Each structure stands twice: as C-alpha cells, then as structure tokens.
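To keep things clear, I will list the structure first and then write my remarks on it.
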Amino acid sequence: MSNIKKLNSKIIKDHGLSDKEYQQILSILKRKPNLLELGIFSVMWSEHCSYKSTKKWLKKLPTTGQVVICGPGENAGIVDIGDDDAIVFKMESHNHPSFIEPYQGAATGVGGIMRDIFTMGARPIANLNSLRFGEPSNKKTKHLLQGVVKGIGDYGNCVGIPTVGGECFFHKSYNKNILVNAMCVGLVKKNKIFYSKASGINNPVIYVGAKTGRDGIHGATMASSEFDDNSKEQRPQVQVGDPFIEKLLLESCQELMKEDAIIAIQDMGAAGLTSSSFEMASKGDCGIKLYLDKVPCREEQMTPYEMMLSETQERMLMVIKPEKRELTLKIFRKWGLDAIEIGQVTNTGKMEMFFNEKNVGELPIKPLADLAPEYDRPSKKSIKVEKNKNKKKKGILDVFIKIISGPNHSSKEWLFSQYDSMVKCDTVYSSEESDAAVVRVNGTNKAVAITCDCNPIYCESDPKLGAKLAVAESWRNLIATGSKPLAITDNLNFGNPEKKEIMYQIKEAILGIKEACEKLSYPVVSGNVSLYNETKGKSILPTPVIGGIGLIKDLSKAIGLKVDKGDALYVVGKTKGHLDLSVHNQICEDNTGSPPKINFRDEIKNGNFVFNFIKNFREYITGCHDISEGGIITSIAEICIKNRLGVIINIPTNIEHRNWLFSEEPSRFILSIKDDENFLRIAKQNKIYVKKIGEVTGKNLKIINELEIPVEKLIKYNKSWFQNYLRINDDIKTK
Amino acid sequence: MKKKISIILFPGSNCDRDLENAIIKCLKIKPNFVWHNESHIKEPGIIFLPGGFSFGDYLRAGVLATKSPAIKELIRFAKKGVPVVGICNGFQILTECKLLDGVLIKNTSQLFNCSKVNLKIENTKNNFLRNLKREIVEYPIAHSQGRFFIDKDNLKKLYDYNLVAFKYSSPKGDVSEEFNPNGSIDNIAGIFNKKKNILGLMPHPERAIDKFSSQDGINFFKSIEEFL
Chain E
1 MSNIKKLNSK
11 IIKDHGLSDK
21 EYQQILSILK
31 RKPNLLELGI
41 FSVMWSEHCS
51 YKSTKKWLKK
61 LPTTGQVVIC
71 GPGENAGIVD
81 IGDDDAIVFK
91 MESHNHPSFI
101 EPYQGAATGV
111 GGIMRDIFTM
121 GARPIANLNS
131 LRFGEPSNKK
141 TKHLLQGVVK
151 GIGDYGNCVG
161 IPTVGGECFF
171 HKSYNKNILV
181 NAMCVGLVKK
191 NKIFYSKASG
201 INNPVIYVGA
211 KTGRDGIHGA
221 TMASSEFDDN
231 SKEQRPQVQV
241 GDPFIEKLLL
251 ESCQELMKED
261 AIIAIQDMGA
271 AGLTSSSFEM
281 ASKGDCGIKL
291 YLDKVPCREE
301 QMTPYEMMLS
311 ETQERMLMVI
321 KPEKRELTLK
331 IFRKWGLDAI
341 EIGQVTNTGK
351 MEMFFNEKNV
361 GELPIKPLAD
371 LAPEYDRPSK
381 KSIKVEKNKN
391 KKKKGILDVF
401 IKIISGPNHS
411 SKEWLFSQYD
421 SMVKCDTVYS
431 SEESDAAVVR
441 VNGTNKAVAI
451 TCDCNPIYCE
461 SDPKLGAKLA
471 VAESWRNLIA
481 TGSKPLAITD
491 NLNFGNPEKK
501 EIMYQIKEAI
511 LGIKEACEKL
521 SYPVVSGNVS
531 LYNETKGKSI
541 LPTPVIGGIG
551 LIKDLSKAIG
561 LKVDKGDALY
571 VVGKTKGHLD
581 LSVHNQICED
591 NTGSPPKINF
601 RDEIKNGNFV
611 FNFIKNFREY
621 ITGCHDISEG
631 GIITSIAEIC
641 IKNRLGVIIN
651 IPTNIEHRNW
661 LFSEEPSRFI
671 LSIKDDENFL
681 RIAKQNKIYV
691 KKIGEVTGKN
701 LKIINELEIP
711 VEKLIKYNKS
721 WFQNYLRIND
731 DIKTK
Chain R
1001 MKKKISIILF
1011 PGSNCDRDLE
1021 NAIIKCLKIK
1031 PNFVWHNESH
1041 IKEPGIIFLP
1051 GGFSFGDYLR
1061 AGVLATKSPA
1071 IKELIRFAKK
1081 GVPVVGICNG
1091 FQILTECKLL
1101 DGVLIKNTSQ
1111 LFNCSKVNLK
1121 IENTKNNFLR
1131 NLKREIVEYP
1141 IAHSQGRFFI
1151 DKDNLKKLYD
1161 YNLVAFKYSS
1171 PKGDVSEEFN
1181 PNGSIDNIAG
1191 IFNKKKNILG
1201 LMPHPERAID
1211 KFSSQDGINF
1221 FKSIEEFL
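Those protein sequence lines, which keep their order, are chains E and R. The first sequence begins at 1 in the numbering used here and counts up by one. The second sequence begins at 1001 in the numbering used here and counts up by one.
Pasting the structure below:
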C-alpha cells in the first residue's frame, strides 16, 4: 500500500511543506508521519486552510457589533436582521481551479459557497460573484469568460438559487490568474442555526452526499502555490460539480434540520474529509474514529490517502444523535443520497483512521490546529516607477464614449441573462437595476441589499487607501438602495506572500479594511484569503473584494436607478475634481498619482443623510445612484440607459468641466428628486452640501456647452462591446 | 366545493414554492404536493408541473421525469380530461411524454436566457385563458432548452386546431424574429393539446405576481378558476 512508501525529502517538498514545517510535524508526533499523515498535515497547513501568512493581520479586523451573531471562524458569518431572522453570508474564491478549467472551477466555486451557507441551517436566497479576467485581447480571455459565466449560471440555475448580481472587470494583470469570487447569502431563523462543534462520545459520524472520487486531491495545496507553464497538468486537481446532487443535499439537509437530530454539521470543502473531520473534532475538543473502508467511493481501489484528501464536491459530514440514526438515513434515502455511518466521536483528542480494521493513521487534533505555522512575513513598500510619457490628451466626448462602450463599463446583459436572477420570486432589484441587489426576506416586508466591490487600480497604487475606498463604496452602494449597511465579508486576492512587496499589499489592505470598518461600524463577519495568484513571478493587482449586506426594514422604501420625466437631479457631496487613477486617466494612458482621499466624516454624514431621506421622504425621491468609476457623467449615462430617458445637465462654473465630469471622489450620490423645495429644506437643516445639476427631460443626454447624444445611441454603445467580443455566438444565432 | 390543485414535485424542481405561493395568493387554495414516486394520485384536481431541473436534466430536459410513477398517473388523468399545466420544465416534460406536440431544444444562442419577455395571447377560447383580459402580457423566461420546434405538418395542425396559446412578441404585440428570445418556430411560447385540457408554456406566470415585477401573472392564475 502506498502509505508504506518511504518519505523522502522530495515527497515532503511535493506536499508543499518547508523543512521547518516538517520539523514541527516531527516534534508534534514524536515520530515520523506516514504518507497519509503527511498528506493531512500538508493540506491542513496549506495557506488555503491555515491562513498562515495572514492570520497575524486578520486578527486585527473588527468582527463584533450589535448585529453580529457569528463572526469569522465558522462556515460563514451571521447577522441579526430583526424579528427571528438572521442572514448568513460569505464570499469565497475559486481562482486557481477556474483558470485551469473555467466551467468546472467556477461551478464548484458556487457549489462550495452555497454549502457553506446551508451547512449552517440557512436556505440560500441569493448568489453574487466578483470576476476578474485578463485583457480581452489575450487569447485565453474569451474562453475563460465564457466558461466561467456558464459554470456559474448552470450551477446556480439548477439548484434554483437566484444569481442577483456581481461585477466583472478586465485587466492585463489577470491574464494568467483570473479571479472567481463567489458570494452566497442565506436566511435562517435565529434559533435554528447549526454549527460544526462535535460532541457526545460514541455519537455516529455520518457521511452524506456524492461518492468520493479522485478529483481535487491536493486542491488546497494547488491554491497555495504559484502557477508555471505546466499549470494545465493540474487539471485533475480541479473538482467536478453536480448541481443536481447539491440540490438533493440542500433539500435533504433542510428536511433533516427540522428534526432534532443534528449535533454538528460541516461541509466537505477544501481538503475534503480531512478538514471537515478535524474542524468538527477541534471545535468540540474531542476525537473522532473514522473507518475509511466505509466511505462510499466512485472509483475502485481508492487508498485512505486519496479518501482523506479528495475534494469531491457535494458531500457533508455530520454528527447525529444516536436515537435519530434511522430517521436520518431514511430522509437521505428518500432523496436518493448515500448516507452512511463512517465513524464515531471519541474522547481521545485524536483522529484515528482505520482501513479494513487496520489503524492507518493517528494524529492529535489540537496540536495540528494550535501549532500550525503562523508567519510574520517581512513586508516592504514597492518603489513606484512613475511613467507618464505616453499620456494622451483626449476630448471629453471621446473619453466618455470609450468608458461606456469599453469592457469594464458596458452593459453586462450578456453575462447576466445567463443567470436565473428571478427564481424564488424575491428579487426586487438585481444589481443591474440598482446600486446593490435587493432581495426580499420571503414572507415578510423586509429585504436585504447585497453588493460586492473593489477597485484594484486604486489598491495597486495605495493598498490601504484602495481597501478603505472599497469598503466605503460597498457601504455607499447599500445606502443607495435605501438599506442600512450591516456587515461585510472580505475576499482577499493577492500574489505570493513570500515576496515582501506582496506582503506589504496584504498587510496594508487589511489595515485599510480595519480602519474603514471601524469608522463605519461595519464589522467583518466572514472572509477568505486567496494568495499565490501569480504566474512566472507576475502577480495580479491586489484585489480585496468587499461583499456588503444591508437591511431594508420596509420593502416599499427600496430604491433603484429609476427616474421619472421632470425629476430634478441633485448631487450630494462636494466634487473637487481629483482625476488621478480614474477611468478617465486610464483611457488617457496616464497611470500616475494616488487614489482620491476619503474623509469618513463626510462619508458618514452624506450617507446617513441619504439613508434617512429615503427612509422618511420616499415620496420625494424617485431614484438614487452613487458616483464611482467613470465619475458623474458615467452615473448619469447609466441612469439614462436604464430608464431610456434624456437629461439636461449644467456643469457648475467653479470647476473644470473635465474634472467635474470624470472625478471619482467618494462620499457622493446622485438623487432624482420630485420635490425640490422639501429636499433643499431638509438638506439645509442637516447641513448637507447638495447641488442641483439638471433635470430629466427629452430623449438626449445633454451636457450644456459640452455634448449631446441621443439615449438610444448610448444604449447601442453600451451594449456593443460584449456583442462584438462574443460575435461567435451571434453567428450561431443567425444560422 | 372547490376543486383541488396538485403540484407534482421532482427532486430537482425549483419553482414549486413560487408556484405554490402564486396559487395561494391568486386562488386562495393551498395546493397538494405529489412526490414523483407516488404512483397514486387520489384527487388530482388541476395538476401543475413546476419549473426546475426535474432530475438534473443532464440528458434531454424532462426526459427522465417521464419515467416516474407520478407522471404515469398524470398521463392517465390527462387522457381523462383532467386539466394539466406545465410551466418551463413542466412543458418540457409534457412534450417528452407526448401529451403535447413538438419538442423543446437548446436555445439558438446555446445559452441560458433569463429575461422579461412579452407574450401575445393567441387563443382565448379555452378554459385556461378565457379571462386573461389582455392581449399582451409580460412574464419572465429562464431556460436553456426552450426553443420550440415542430415539423411542418404538425405545425399546420397546431394552427388548424387553434392550439397555439402564446407567442413571443414586442410590447405592442408585434410577433417577429427580433422578439424571439430562443429561436422557437413562429415565436411559439406555449401550446395546448387538442382537447385543450393541457397547457404547456416556457414563460413563468408565477414570477409575475408581485409589486416589483410585472403583475400579469395574477390573471393567469385567476382565470384558471374557470376549472374550479
């Protein structure tokens, strides 16, 4: 058998363990590990599972608050939304697998995050995703885009959970490392939350779901190293998804959760049976005996090593009350799923693994977690080389058209229509119709708003400020739907942390998130770290994606991008005209300078004003939109396009037209107002700076003394990019 | 006494709750769920087949569902004249078990398509659509295998017997290729059987009953009262 194989330094290295880490293993075990045990150490101590490079910094994040029921450390974070309801949510990356096999990589990313949510007893109510691809002209980009979008769609559509929003961004730094971050939001009754803490000596440990195959072995280790030219050879490490089994698992678990049967439950995600069993035992401070020959296998002659490390999808591990054993098995049988007792809880504090009655491995549980490596990696700010030689002067109209017809800001209808955004009939707004998606809490008059945000260009220049701006933007997007921001999940995507410059980005970004979240009383309740997003030494842009959740107590107050003819348009917040690193400057090939500064006092003041105005005077306001990438003109164009209505805009006199139109400074909103008099009065009472910029009228987007374009033409520009880029599909359609 | 409403439930159904809510909201009746492997339906009333992915639909959509005991029972009742409505996956199942003519194949785009579409009501001389009150309605669609196809002879039969229920159209009722979301022949979105006790349609009226969506679905369910 393979685990008798002698361990040599090559095997240890192939498992991604350093010499020092191996020495640590020897001192924990006081003997040499066998191959199975070494494999377990390697996945449990991988960056993906142990957070060894980031733990030191992540500990600093604010994770508590009035609404927080469960912070980081469980499968997902949980916040209180009043009555007996709670929201469970998390975002997780599936970057490495999605680059190697985009369809399956993205699909299983969605499947994995949904299991994290329903493991806790919640019913998933919405999926979102944050995608980053390479340059459109890169020969792999189109294939990756098509595969990822189809993978996300097919999985969520089949399980029947609406995909309500997300973002999609192209940049050359992602040419060889795309990002697929999937977010799931679930709804649970506060007294029906399930956790992963095992207890009760001799209680049965039940395996449920898909049969174990050889797929995904060492997936967690793959996600913890850089890519090279041979990345395709890692294809067998990508898991294969089966959304139908996920659906069966979801429904059967929900049925079982109504019975008083489950003591602990944990999905088998990264590092499969290993991480789920260790997690449950470690949380419960107990031990587990596993009889691996009982594990349902899809393939013949699977070894204990393969079973413990397989990342086959759609599986759960649970500890059940012994008297409910028969009931449990009956429910899973009804749904046609394999459910089998593969072990018991013990009081030994050890994971004991048997195969055909032979002890094949034995590991102490606590030390594996407590003595896991934790690094304080050195960091250093990289010296920025300012290149400004190619800077091009371009006309305002030219830049504007390039923005709304370019890959990053054109209509995402092509992607979005592939996702079932309406199933379950609670989608009030998808993120296409509002600054954040708004989903009703089924059977109530409440709704949650959900958004994911990050501007990696800002983060590259100043990771701390960039992260603050990302947090603030998610906060603002939630406000712009009429919701009160509650909490965030973060998905930190970076390069190789062993490089000082990358470690600097990681550290600074986390500190930026910390500061912004503290200022905004907006705690971090769950998160995920994806490092080593590098190929041949080239890293992605630092991309700390922020997933935010807000609460709308009265659904009738929810607001989107809608405007009516005759409405007055107002900007809340001052526009100073900062253009460095804006989309405008990128189009002019100017990459110098820093992101706009953020003043949290203004952010909070303006945000609270808009929130309260929507809440108390909903009848005076038709629509609300934040100002972000592309500036005021882009926000206005989006409003025109969504409503098929024209506007006339007057640029204030005290500022350069270009700066006013394209500046991306934070803390600003555009409001579409029905009652000027009352609005101005209330703004004045609250000492808020507001400026009337024009009104909704006619069929053109008209900016006085600058430009005038028919809205129908804008719509065409806005739709054209994806249509042209994916023309292959149109060819099929016309045949 | 009011008749009953049954919804046949497959493990991969995912619009069953939406359908249940719509029926409760519009008809004030709580439907009974019939699990796919029940071989006996006692008192079917009106039978609904909900949207979703019955058995994963890895083969042709709906084909595995035709083998389930509840569908055999449904066929027996349908032939006796019991009213049956299949929405989306339900329509696919009805064509797969030959209760309705034609087939539903992959959309021409080869992609899943979720969007709001307008439908022109082609025939109101039947119990299902008699009280629809409007000529054009807006329901969402969400499918990847919704392209209705039928050979020429049978298409002619559909028209001869007035069996086309809905066609994809513009908001003003213009039935043209521009408003065809999936490549269906003649923009056909829903059809009846000859006896007009069976209706299949790809769009989802149950998704059009709320303040924040089109509310055109309400009348679809209300008009079914005709059978009750």
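Glycine is no exception: its CB is placed at the ideal position from the N, C-alpha and C atoms. Only a predicted model underlies this, so the values are computations on that prediction, with no experimental measurement involved.
Contact note: residue 725/E does not reach chain R at a C-beta cutoff of 7 Å; the least C-beta distance is about 14 Å. The DSSP-derived three-state label of residue 159/E is helix.
With a 10 Å radius around the Cβ and a threshold of 16 neighbouring Cβ atoms, residue 143/E comes out exposed. Under DSSP, the beta-bridge partners assigned to residue 550/E are 449/E and 485/E.
Proximity of the stretch 350-363 of chain E to the stretch 27-37 of chain E meets the contact definition, three or more beta-carbon pairs being nearer than 8 Å. Interface annotation, residue 1031/R: not in contact with chain E, CB-CB separation never under 8 Å. Contacts with chain E (Cβ-Cβ distance below 7 Å) from the stretch 1112-1133 of chain R involve 1112, 1113, 1114 and 1115, listed in chain order.
Taking the Cα of residue 295/E as reference, the smallest distance to any Cα among 492/E, 212/E and 253/E is reached at 212/E. Looking at the backbone, the Cα of residue 346/E and that of residue 280/E are separated by about 12 Å. For the stretch 328-346 of chain E, the residues whose beta carbon sits under 9 Å from a beta carbon of chain R are, in order, 334, 335 and 336. Residue pairing for residue 1035/R: DSSP places it in a beta bridge opposite 1009/R. Proximity of residue 1142/R to chain E, defined by a Cβ-Cβ separation below 8 Å, is satisfied.
Taking a C-beta distance under 8 Å as the contact criterion, residue 1141/R and residue 1115/R qualify as a contact pair. Within the stretch 175-213 of chain E, the runs of beta strand (DSSP E) that reach at least 3 residues and sit entirely inside it are, in chain order, 179-189 and 204-209.
Around the CB of residue 163/E, 16 or more other CB atoms lie within 10 Å, so the residue is classed as buried. Put simply, the backbone Cα of residue 1128/R is about 55 Å away from that of residue 172/E.
The DSSP-derived three-state label of residue 302/E is coil. One Cα belongs to residue 114/E, the other to residue 530/E, and the distance between them is close to 18 Å.
Residue 64/E carries a coil assignment under DSSP once its states are collapsed to helix, strand and coil. In the three-state reduction of the DSSP assignment, residue 437/E falls in the strand class, which pools E and B. Pairing residue 146/E with residue 28/E, the inter-Cα distance amounts to about 47 Å. Only residues of its own chain outside the window of five on either side were considered, and among them 196 and 197 have a CB closer than 6 Å to the CB of residue 283/E, listed in chain order.
With distances taken between CA atoms, residue 1036/R lies nearest to 1054/R out of 1120/R, 1054/R, 1099/R and 1193/R.
By the rule that beta-carbons nearer than 8 Å mark a contact, residue 423/E touches chain R.
In the same chain as residue 434/E, and ignoring 5 residues on each side of it, the C-beta atoms closer than 7 Å to its own belong to 481, 560 and 561, in chain order. Of the residues assessed, residue 189/E falls on the exposed side of the cut-off, its CB having fewer than 16 other CB atoms within 10 angstroms. Counting only residues of its own chain and dropping the five nearest sequence neighbours on each side, residue 365/E has a CB closer than 7 Å to the CB of 278, 281, 282, 287, 349, 350 and 351. Here residue 432/E is buried. Its C-beta has 16 or more other C-beta atoms within 10 Å.
For residue 1169/R, the three-state secondary structure derived from DSSP is strand. Between the C-alpha atoms of residue 111/E and residue 420/E there is a straight-line separation of about 15 Å.
No Cβ-Cβ contact shorter than 8 Å links residue 583/E with residue 640/E.
For residue 204/E, the closest alpha carbon among the candidates 257/E, 86/E and 344/E is that of 344/E. The count of Cβ pairs closer than 8 Å, one atom from the stretch 651-661 of chain E and one from the stretch 548-557 of chain E, stays below three, leaving the stretches out of contact.
Look at the stretch 557-617 of chain E and you find these whole runs of beta strand (DSSP E), each 3 residues long or longer: 568-572. Contact between residue 547/E and residue 91/E holds: their C-beta atoms lie close to 4 Å from each other, under 8 Å.
Identification of residues in the stretch 396-424 of chain E having a C-beta nearer than 7 Å to some C-beta of chain R yields 417, 418, 419, 420, 421, 422, 423 and 424, given in sequence order.
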